[in-house]
Structures are given as C-alpha cells and as structure tokens.
Amino acid sequence: MEKVFAELQEAIENGETQAAMDKTKDALKLGLRTDKIIQTAINPAFKDLGQKMFDGEIYVTDVLMASRAAHAAMYVMEPIISRFSGATKGIVAIGTVAGDLHDIGKNLVIMMLQGSGYTVIDLGIDVPVETFIDAVRTHKPDVLALSSLLTTTLPELDNLMEALVQQGLRSQVKVIVGGAPVTAEYAGRIKADAYANDLFEATEAVGDLVKNRIGKYAV
Amino acid sequence: MNQRENFFAMLEGRKPEFIPNIMEVYKICIFGADRADQPLVGGLDAFGVNWVVTKEGEMPEPNRFMFEDIADWKEYVHFPDVDALGIEEAAKIELADVNRDEVIVNVYSPTGLFERLAAFMGFENALCSLVEDPESCQEFFEAFADYKIACMNRFIDAFQPDVITYFDDLATANGLFMSPAVYRSVIKPSHKRIIEAVTSRGVIFNQHTCGKCEKIIEDYVEMGAKMWSSAQVSNDLDGILEKYQGRLIVEGGWDSSGPASYNDATVEDIIAETVRCAKQYGPKGNFIFLPTLLNENGNAIFVGDPRLAPMIEAWHTVDKL
Ligand code: B12
Numbered sequence: 001m002e003k004v005f006a007e008l009q010e011a012i013e014n015g016e017t018q019a020a021m022d023k024t025k026d027a028l029k030l031g032l033r034t035d036k037i038i039q040t041a042i043n044p045a046f047k048d049l050g051q052k053m054f055d056g057e058i059y060v061t062d063v064l065m066a067s068r069a070a071h072a073a074m075y076v077m078e079p080i081i082s083r084f085s086g087a088t089k090g091i092v093a094i095g096t097v098a099g100d101l102h103d104i105g106k107n108l109v110i111m112m113l114q115g116s117g118y119t120v121i122d123l124g125i126d127v128p129v130e131t132f133i134d135a136v137r138t139h140k141p142d143v144l145a146l147s148s149l150l151t152t153t154l155p156e157l158d159n160l161m162e163a164l165v166q167q168g169l170r171s172q173v174k175v176i177v178g179g180a181p182v183t184a185e186y187a188g189r190i191k192a193d194a195y196a197n198d199l200f201e202a203t204e205a206v207g208d209l210v211k212n213r214i215g216k217y218a219v
Numbered sequence: 001m002n003q004r005e006n007f008f009a010m011l012e013g014r015k016p017e018f019i020p021n022i023m024e025v026y027k028i029c030i031f032g033a034d035r036a037d038q039p040l041v042g043g044l045d046a047f048g049v050n051w052v053v054t055k056e057g058e059m060p061e062p063n064r065f066m067f068e069d070i071a072d073w074k075e076y077v078h079f080p081d082v083d084a085l086g087i088e089e090a091a092k093i094e095l096a097d098v099n100r101d102e103v104i105v106n107v108y109s110p111t112g113l114f115e116r117l118a119a120f121m122g123f124e125n126a127l128c129s130l131v132e133d134p135e136s137c138q139e140f141f142e143a144f145a146d147y148k149i150a151c152m153n154r155f156i157d158a159f160q161p162d163v164i165t166y167f168d169d170l171a172t173a174n175g176l177f178m179s180p181a182v183y184r185s186v187i188k189p190s191h192k193r194i195i196e197a198v199t200s201r202g203v204i205f206n207q208h209t210c211g212k213c214e215k216i217i218e219d220y221v222e223m224g225a226k227m228w229s230s231a232q233v234s235n236d237l238d239g240i241l242e243k244y245q246g247r248l249i250v251e252g253g254w255d256s257s258g259p260a261s262y263n264d265a266t267v268e269d270i271i272a273e274t275v276r277c278a279k280q281y282g283p284k285g286n287f288i289f290l291p292t293l294l295n296e297n298g299n300a301i302f303v304g305d306p307r308l309a310p311m312i313e314a315w316h317t318v319d320k321l
C-alpha cells in the first residue's frame, strides 16, 4: 500500500503522466480512497516540489510537467470523486484581472488546487470586475482568487474589493490575491484576506481560508 | 565625451565619464522588427501569428495556437521570404534623422528562439515540449535560427547598427523557465549561431532576458554577448557587475515589479529608485540605466508622463561614479 503511494508520488514529481495514471489505477484497485490518495501521494509530491523550487533545484518546466501528471491522476479519480458530492474541499473562482493576459502562474495555481481536491472555476484572463462579481453570485465560491502580473493592472484588485463591498458580497467570499508585483502589504492595504507568493503557498492559504483559519498567509 | 564616445569607453572596459541612460544613449530602431518579427500595431505577423496590442505592450493572441505538438511544426511553420520583408525601406525611414557621430544605433530583434516557439504554441506547450520532445524543438530552433540570421544580416546591411538587441525571455522573477541543462542542450546551440552571425560582422550583441537568469549569464558572455539588457533586481546585479567588469555592460537596474513601477508611484518614489540605481550600480562603471515607468496608459517612455522629466533630472544630478 505504501509502495503505491510512493510510486505515484514519484511519478508525479518526475512529470510522468502515464505512470501517474497507472499508479492511480493501481491504488484504486487496492481499494484506497481518493482523499487518501490525494493526501498521501499528490500533496506530498507538490510539497516536495515546492521546497525544491524554493531552493532553485527545479524549474517552471518541472512544475508544469508535474502538474500535468497530477492532472492525469485526478482525471482517473474524477468519476469517483464526483460520485460523492461534497468530496470537494471547497470552490475557488480564479481569474487574471482586466488588462492582464498572463496566465502561466494562474494555471499552475489552478492545477495545484485541483490536484489537492478543490473545485476550481477558471474565469480566464483579462477578466473584468463585473465577471468576478457575477461568478460570486452564480457559483458561490468559498474563495475568490485574483492574479495580476502587471503593476499597471494592480488597481483592478482595488476595484474588485470595492465592488464586492458595494454589491454587499464582501462577507460571502474570501479573497486571495497573487502575482509577481502583488505583496502581502498591498493585499493588506486593499483588505483582501490573504496573499501567497507561489502555487504551493496559494494552496495552503486557500486551505486556511475555506476553514476560516487565520493562517500564515492572512493579511 | 559625447554619448557615443562614452559608450565605447565603457564597452572597452575604460572608465566612462558618465553613466548613460537608455533614453539618451541610443537611437532605438524597431521598424525592421515590425516587418520581420512582430507588427508594431498588432495583427498578423509574417508567419501568420496574430498579435494583440494592449496598453502595456503586445503579445501573441492568447489561447490561439498554430499547433500544439512540436512534432508537427513543419506542417505549420512557413518561413517568410526575407527579401520581401521591406527591411531596407524600414531602415531608410527610421534612420532619416540620426546623427551617427553622437548616438549609438541600436536595432531591436524581438521574439527570439524560445519566444517564437511560444508564439506558435503558447508558453505552457512550448515549455513542456522542451522536456518532452527536445529533438523536435532543436530541429525547430535550428531552422528558426537560419531565418533569424538571414534577418540579422539584412538588419546589418540596411541599418549599419552599432548594437543589435536580441530578445528572448527565458526566466521568471524566481528563476529560469527551464533548467540550465535544458537551455544548454536544446536552445543554446542555435542561440550561439545567432550571436556569432552578429558578432562576426563587427556588431555588438546585446542579449535581452527578463527575470532571474543569472545562471546562464556566463553562457551569454562565453558566446560573445557584450551586453545584457533588462537586468532585473531578482539577479545579484552587484555581483554580476563586478564579475564581468570590462566584459559585459549591464543595462537595467530598475525594480520593475516594485512600488516605483506602480501606476500611482509618486515623483518621490521614482526619484528614490533612480537614486538607488545610480548609487548602487553606477560606481561599477559598466552600467546603463533602464527605468520602467508605467502609468494607466502604458509605458511612460512611449506614452508620455509628467514624472519622466523629474526622473531624468534626478538621474543627471545624482553623483554616479
Ligand atoms: C512569460 C511572460 C510573458 C508572456 C505571458 C505568457 C502567458 N501565457 O502567460 C508574454 C510574452 C505573452 C508576456 C507579455 C507581456 N508581458 Co510579460 N512577462 C512574462 C514573465 C517573463 C514571466 C511570467 C510568468 O509566467 N512567470 C511564471 C509563473 C509560474 O510565475 P508567476 O506568474 O509569478 O506566478 C506565480 C506566483 O506569482 C503566484 N501567483 C500567480 N497568480 C496568482 C494568483 C493567486 C490568487 C495567488 C495566491 C498566487 C498567484 O503563483 C504562481 C505560481 O508559483 C514576466 C517576468 C517576471 N519577472 O515575472 C514578464 C512580465 C510580467 N511581463 C511584463 C510585461 C511588461 C509584459 C507586456 C506588457 C509586454 C511585453 N511585450 O513583454 C506583455 C503584456 C500583455 C498583457 N497585457 O498582459 C512585465 C511587467 C512589468 C510591470 N511592471 O508590470 C514583466 C514583469 C517583465 C518585465 N519587463 O519586467 N509576458
């Protein structure tokens, strides 16, 4: 049992899509639960990758390949996960703010969140404030996540926070912000709930937000 | 010394009289790139990729890929006829009022090897291809380098430039997109041919790479680049300036994701960042100041900004050497 977890973790870390799918199938055949697979193989894989990325040992390509492998593993488990509704850890709506077309970072955050068992609604790039607001109304996400890579589009974060208050939606959703020019200080200034620096921190931070915990990444 | 003499003093590792900024030292030429690489006003380029212009700059239309599997590249990539691009005509228009005795003619060559691949298939696909199918990538890079080299030769004939700045973004704020090993085995051989094509004709090669790319600066220098541009603060700029004194001019310095690049940065913030660059990097001697001042209309250097004048004044007044 431990062996299959270790093998799945290794396949993901090495970005081996086929192996990740095979090992996930093996794990399911052994009767292992999907949440156990996520906790014991997928999450540790990314935790390890996070540390390696932080240490400069691995690169964006490695994380992308690993994310693809994790996606493949999730794909195998998907029919089972969706059979138990409520198995999702929470709903996150995410988008890159208006005027900004960068999406590599956002997509990595999405893959990581999905890989960790969250339901993610991807609003795409160049997302106007109104679309974020509509998404809060329609999907009732636990967390709204905004990505901004340009300093020129940072004011969009301010605009969104204002709109949430004006529309009376602020108490219904937690807000996390990120992207290269965003800082914890900036997030604090606009009264977001959390800021995270990379995909690994983002996942931890979202975990805190859905559980209503004031964690390391609260601002 | 005028800008030109001062620049060459720097390049040769002699003590410059002053530390230049990119607004004053160069005549920057972009019309050749408009024809060969990416259309300035957006629309289809010579390869059929659609470019969209935003206030901040331009990029290939997101999520519209020419192909997704690098093994298919030959089916989709048709190299433009370099004779038909109109580079000579572009040069004539752009060089009409240049005083070659005073400034440095710097011709931009954007969309380098990796960026071109990403323009065809998107960043994520391009990055994964480097690891999944390096052979096809190498084959593509070789062919694209032939095109780039043909364009470089045209640029050199038509513009008679002092410098060619070749753009290829290979890094994020935290590190390279790909490992140095992948860069060296898949991209570098073609990159080297491009650099040598330029330097063998007596033109200075300026390598533009944003982000934290310090792990491959040595490769750039070894291949013959004499300048590195957009040098961002995520790199150990002090160390690099020192290590490569007399061998590499470092152009950049500005904290382009920091508060001085926020739309609402005050004149004081901007002057503070200008003075920091002057005092921290100026004394090393091999530095050119490249500020990134942005406002709600885009890049201040192109769209204008009342904060530019005080910034340049601050740059002129502060003691740099
Ligand atoms: C790749 C890239 C591009 C690609 C984008 C491809 C794509 N599909 O996304 C292309 C070439 C198309 C591009 C275009 C432009 N770019 Co660009 N680009 C970059 C670059 C080199 C890397 C960004 C990246 O993908 N990083 C990799 C990912 C993994 O990292 P990340 O995005 O930071 O995301 C991580 C964290 O930030 C965090 N995160 C991200 N989002 C979120 C969200 C939440 C909620 C959380 C919690 C965390 C989080 O987690 C992520 C994963 O760890 C940066 C350089 C840099 N220093 O960052 C410039 C950069 C962002 N670009 C810049 C500019 C100016 C542009 C252009 C205007 C002009 C140009 N021609 O380059 C256009 C903009 C078009 C537009 N309107 O958006 C500037 C911005 C400067 C500024 N002060 O605003 C930068 C900083 C480069 C520079 N010159 O300094 N770019």
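Listed in order, the protein sequences are those of chains R and B.
One point on numbering: in full-length UniProt numbering, the residue at position 67 of the first sequence is 67, and numbering is uninterrupted.
One point on numbering: in full-length UniProt numbering, the residue at position 194 of the second sequence is 194, and numbering is uninterrupted.
Note that CB positions come from ideal geometry on N, CA and C, so glycine has one too.
No experiment lies behind these values; they were computed from the predicted model shown.
message = Mapping the DSSP letters down to three states, classify C29 (chain B) as helix, strand or coil.
response = Position 29 of the second sequence, counted from the start, is the residue given in the question as residue 29 (chain B). Three-state result, C29 (chain B): strand.
query = Does any heavy atom of the ligand B12 sit closer than 7 Å to the C-beta of N286 (chain B)?
reply = Within the second sequence, numbered from 1, the residue matching residue 286 (chain B) stands at position 286. No, the Cβ of N286 (chain B) stays beyond 7 Å of every heavy atom of the ligand B12.
key: Element boundaries [beta strand (DSSP E), containing G57 (chain B)]   = Taking the second sequence and counting its residues from 1, the one referred to as residue 57 (chain B) is at position 57. Note, G57 (chain B): beta strand (DSSP E), 57-60.
task = Decide if A84 (chain B) is buried, meaning its Cβ has at least 16 other Cβ atoms within 10 Å, or exposed.
result = Sequence index remark: in the second sequence, residue 84 (chain B) carries index 84 (1-based). Counting Cβ neighbours within 10 Å, A84 (chain B) comes out exposed, since fewer than 16 surround it.
inquiry  = I want to see whether chain R comes within less than 8 Å of C128 (chain B), judged by CB atoms only; does it?
reply    = Counting from 1 along the second sequence, the entry for residue 128 (chain B) is found at position 128. Chain R contact via Cβ: present.
task = Just the chain R side, please: which residues come within less than 8 Å of S179 (chain B) by C-beta, in chain order?
result = Residue mapping note: residue 179 (chain B) aligns to position 179 of the second sequence, counting from 1. What S179 (chain B) touches in chain R: I58, Y59, T61, D62.
Residues that D208 (chain R) bridges to, as DSSP identifies them = Translated into the one-based positions of the first sequence, residue 208 (chain R) becomes position 208. Per DSSP, none; premise fails for D208 (chain R).
query = What separation, rounded to the nearest whole angstrom, lies between the Cα atoms of A260 (chain B) and Q114 (chain R)?
reply = For the purposes of this step, residue 260 (chain B) is identified with residue 260 of the second sequence, where counting begins at 1. For the purposes of this step, residue 114 (chain R) is identified with residue 114 of the first sequence, where counting begins at 1. When the Cα atoms are used, A260 (chain B) and Q114 (chain R) turn out to be separated by approximately 35 Å.
query = Is the CB-CB distance between V76 (chain R) and M112 (chain R) below 8 Å?
reply = Counting from 1 along the first sequence, the entry for residue 76 (chain R) is found at position 76. Counting from 1 along the first sequence, the entry for residue 112 (chain R) is found at position 112. It is not a contact, given that the beta carbons lie outside the stated cut-off.
7 Å Cβ cut-off: residues of chain B touching I125 (chain R) = Counting from one through the first sequence, the residue named residue 125 (chain R) turns up at place 125. Those are P62, listed as they occur along chain B.
ask   = Are P310 (chain B) and I271 (chain B) touching if we call contact CB-CB under 8 Å?
value = Working through the second sequence from its first residue, we reach residue 310 (chain B) at position 310. Working through the second sequence from its first residue, we reach residue 271 (chain B) at position 271. Going by C-beta atoms, P310 (chain B) is nearer than 8 Å to I271 (chain B).
message = Is there a C-beta anywhere in chain R that falls below 8 Å from the one on E115 (chain B)?
response = Residue 115 (chain B) sits at position 115 when you count from the first residue of the second sequence. Not closer than 8 Å to any Cβ of chain R, the Cβ of E115 (chain B) fails to qualify, so no.
ask   = Under the rule that 16 or more other beta-carbon atoms within 10 Å means buried, what is Q207 (chain B), buried or exposed?
value = For the purposes of this step, residue 207 (chain B) is taken as residue 207 along the second sequence, with counting starting at 1. Answer is buried; the Cβ neighbour count reaches 16.
query = So, does the CB of E273 (chain B) fall closer than 8 Å to a CB anywhere in chain R?
reply = Position 273 of the second sequence holds residue 273 (chain B). Chain R, which has no Cβ nearer than 8 Å to the Cβ of E273 (chain B), makes this no.
ask   = Assuming E13 (chain R) contacts L64 (chain R) under a Cβ cut-off of 8 Å, what Cβ separation, rounded to an integer in Å, is found between them?
value = One-based indexing of the first sequence puts residue 13 (chain R) at position 13. One-based indexing of the first sequence puts residue 64 (chain R) at position 64. The Cβ separation is near 13 Å, so there is no contact.
query = If we count the other Cβ atoms within 10 Å of its Cβ and call it buried at 16 or more, is V105 (chain B) buried or exposed?
reply = Reading the second sequence from its first residue, position 105 is the one you call residue 105 (chain B). Buried, by the Cβ-count rule.
ask   = What residue from B:R201, B:V221, B:S257, B:S229 has the CA that sits closest to Y244 (chain B)'s CA?
value = Here residue 244 (chain B) is taken as the residue at index 244 of the second sequence, counted from 1. Comparing Cα-Cα distances from Y244 (chain B) to each of B:R201, B:V221, B:S257, B:S229, the minimum goes to B:V221.
key: Where the alpha helix (DSSP H) containing Q166 (chain R) begins and where it ends   = For this step, residue 166 (chain R) is matched to residue 166 along the first sequence. Element bounds for Q166 (chain R): 155-166.
ask   = Cβ of T152 (chain R) within 7 Å of any heavy atom in the ligand B12?
value = Indexing the first sequence from 1 puts residue 152 (chain R) at position 152. Yes, the beta carbon of T152 (chain R) sits closer than 7 Å to at least one heavy atom of the ligand B12.
key: Test: T54 (chain B) CB closer than 8 Å to a CB of chain R   = By one-based count along the second sequence, residue 54 (chain B) stands at place 54. Yes, its Cβ sits closer than 8 Å to a Cβ of chain R.
Simplified DSSP assignment, three categories, for D122 (chain R) = By 1-based counting over the first sequence, the position of residue 122 (chain R) is 122. Residue state, collapsed to three classes: strand.
inquiry  = Just to confirm, is the Cβ distance from T209 (chain B) to D168 (chain B) under 8 Å?
reply    = The residue labelled residue 209 (chain B) in the question sits at position 209 within the second sequence. The residue labelled residue 168 (chain B) in the question sits at position 168 within the second sequence. Contact flag set, yes.
task = Residues of the region 152-165 of chain R with a CB closer than 7 Å to any CB of chain B: list them in chain order, please.
result = T152, L154, P155
query = Exposed or buried, which one is A278 (chain B) when buried takes at least 16 other CB atoms within 10 Å?
reply = Locating residue 278 (chain B) in the second sequence gives position 278, counting from the first residue. Per the 10 Å Cβ criterion, buried.
key: Residues, ordered as in the chain, of the region 175-207 of chain B that lie near chain R by beta-carbon distance below 7 Å   = Those residues of the region 175-207 of chain B that come within reach of chain R (Cβ to Cβ, closer than 7 Å) are G175, L176, F177, M178, S179, V182.
Unbroken stretches of the beta strand (DSSP E), 3 residues or longer, contained in the region 38-112 of chain B = 50-54, 57-60, 104-109
query = Buried or exposed: which applies to R116 (chain B), given that a residue is buried once 16 or more other Cβ atoms fall within 10 Å of its Cβ?
reply = Mapped onto the second sequence, residue 116 (chain B) falls at position 116. It is buried - the Cβ of R116 (chain B) has at least 16 other Cβ atoms within 10 Å.
message = DSSP three-state label for T209 (chain B), please.
response = In the second sequence, the residue the question calls residue 209 (chain B) occupies position 209. Of the three classes helix, strand and coil, the one that applies to T209 (chain B) here is coil, per DSSP.
message = So if DSSP puts L294 (chain B) in a beta bridge, which residue, or which two residues, is it bridged to?
response = Locating residue 294 (chain B) in the second sequence gives position 294, where the first residue counts as 1. Partner(s): B:N299.
Amino acids of chain B, ordered along the chain, whose beta-carbon sits closer than 9 Å to that of R189 (chain R) = The sequence position of residue 189 (chain R) within the first sequence is 189, counting from 1. Ordered by position in chain B, no residue passes the 9 Å Cβ test against R189 (chain R), which lies about 11 Å from the chain.
query = Using a threshold of 7 Å, is the CB atom of T172 (chain B) nearer than that to any non-hydrogen atom of the ligand B12?
reply = Reading the second sequence from its first residue, position 172 is the one you call residue 172 (chain B). Yes.
task = Using a Cβ cut-off of 8 Å (strictly closer), state whether S261 (chain B) contacts chain R.
result = Here residue 261 (chain B) refers to the residue found at position 261 of the second sequence. Yes, S261 (chain B) counts as interfacial toward chain R.
task = Using three-state DSSP, classify F287 (chain B) as helix, strand or coil.
result = Numbered from 1 along the second sequence, position 287 holds the residue referred to as residue 287 (chain B). Secondary structure at F287 (chain B): strand, using DSSP grouped into helix, strand and coil.
key: F167 (chain B), enclosing beta strand (DSSP E) - first and last residue   = In the second sequence, residue 167 (chain B) corresponds to position 167, counting from 1. Per DSSP, F167 (chain B) belongs to the beta strand (DSSP E) from 163-167.
message = Counting beta carbon pairs with one atom in the region 23-37 of chain B and one in the region 119-126 of chain R, are three or more of them shorter than 8 Å?
response = no
ask   = In chain order, which alpha helix (DSSP H) runs of at least 4 residues are fully inside the region 164-204 of chain B?
value = 188-199
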